[in-house]
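Colleague:
In the numbering used here, the protein residues as written are 26 to 153.
#1: What residue range is occupied by the uninterrupted beta strand (DSSP E) comprising residue 123?
#2: Any idea if residue 123 is buried or exposed, counting beta-carbon neighbours within 10 angstroms, 16 or more meaning buried?
#3: Can you list the alpha helix (DSSP H) stretches of 4 or more residues lying completely in the region 61–131, in chain order?
#4: By the 10 Å Cβ neighbour count, where 16 or more other Cβ atoms means buried, how is residue 146 classified, buried or exposed?
#5: If you draw a straight line from the C-alpha of residue 141 to the C-alpha of residue 98, how long is it?
#6: What residues match up with residue 149 in a beta bridge as DSSP calls it?
#7: Since I believe residue 110 is in contact with residue 62 (beta carbons under 8 Å), could you give me their beta-carbon distance rounded to a whole number of angstroms?
#8: Considering only the alpha carbon of each residue, which of 76, 86, 81, 72 lies closest to residue 138?
#9: Using 8 Å for Cβ pairs, my map puts residue 67 next to residue 108. What's the rounded Cβ distance?
#10: Excluding five sequence neighbours on each side, which residues of the same chain lie with their C-beta closer than 7 Å to the C-beta of residue 128?
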């Protein structure tokens, strides 16, 4: 009986474990990658950020992209600081590198620049 219950539970949960994100992040250009950070902060879908860090990402980007596994306090702080985020101006492209100015913070007024890099044809967050 215990084996049957275990099998039923695994059958019920396995589609959830294999399910892909029905709305994957568009990494074909820099803007939607940064917008995904703000959208994740607003929606709480933080796991979407894990694949957005460049291989050369700094500690700040690693913290942002790894926030889904952080403590509840850090997750809430991330959401508070990035939920009101928005891009200002147009991205500046230079080959496989890009810079995008954005606003963030609890009041959405702190200015920062996100640096992105294209790796294998996809854009990733590198530093800010």
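All C-beta atoms in this analysis are idealised placements derived from N, C-alpha and C, irrespective of residue type, glycine included.
Since the structure is predicted, the reported quantities are computational estimates derived from the model, not experimental observations.
Modeller: Walking through what the data contain:
#1: 122–129
#2: buried
#3: 84–90, 97–107
#4: exposed
#5: 27 Å
#6: 142
#7: 7 Å
#8: 86
#9: 5 Å
#10: 110, 111, 113, 134, 135, 136
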